[in-house]
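Numbered by the numbering used here, the letters in the sequence shown go through residues 0 to 69 in order.
For each residue, glycine too, the CB sits at the ideal point set by N, CA and C.
For reference, the structure discussed in these notes is given below.
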Amino acid sequence: MKNQFVEKSVYISPKELAHRWQCSRSSIDRITRRAGLTRFCPGEGKNGTIRFLRKEVEAYEKERQICSTV
């Protein structure tokens with residue numbers, strides 16, 4: 000039986016973020032740089048691994064929400 004209470008990582012990958020926001024990986028790179036989101040780079044070199052802090056991503060999403068007044 001699989002564990003039903005899988006804890007979310009404190010980090011989110013660019014690929015997961017692209018899927019979440021339904022856009023390309025290059026858009027994720029551009030948006031996150033402009034937004035100033037913290038990059039965590041556990042890998043090395045040109046093609047090293049990149050992760051973003053999930054809390055920062057969620058705060059950015061909340062900041063960017065548009066409330067419609069009807």
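Note down, in chain order, each residue of its chain lying with its Cβ closer than 8 Å to the Cβ of arginine 53, except the 5 sequence neighbours on either side. Lys7, Ser8, Val9, Tyr10 and Ile11
With 16 as the cutoff for other CB atoms within 10 Å, does isoleucine 27 come out buried or exposed? buried
Going by DSSP in three states, isoleucine 11 sits in which element: helix, strand or coil? Under the three-state reduction of DSSP, isoleucine 11 is assigned to strand.
Counting only the same chain and skipping the five closest in sequence on each side, list residues whose C-beta sits under 6 Å from that of threonine 48. Pro41 and Gly42
With H, G and I counted as helix, E and B as strand and the rest as coil, what does DSSP make of leucine 16? helix
How should phenylalanine 39 be labelled, buried or exposed, when 16 other C-beta atoms within 10 angstroms of its C-beta is the threshold for buried? An exposed status is given to phenylalanine 39, since fewer than 16 other beta-carbon atoms sit within 10 Å of its beta-carbon.
Note down the Cα distance separating serine 25 from glutamate 55, rounded to an integer number of angstroms. 19 Å
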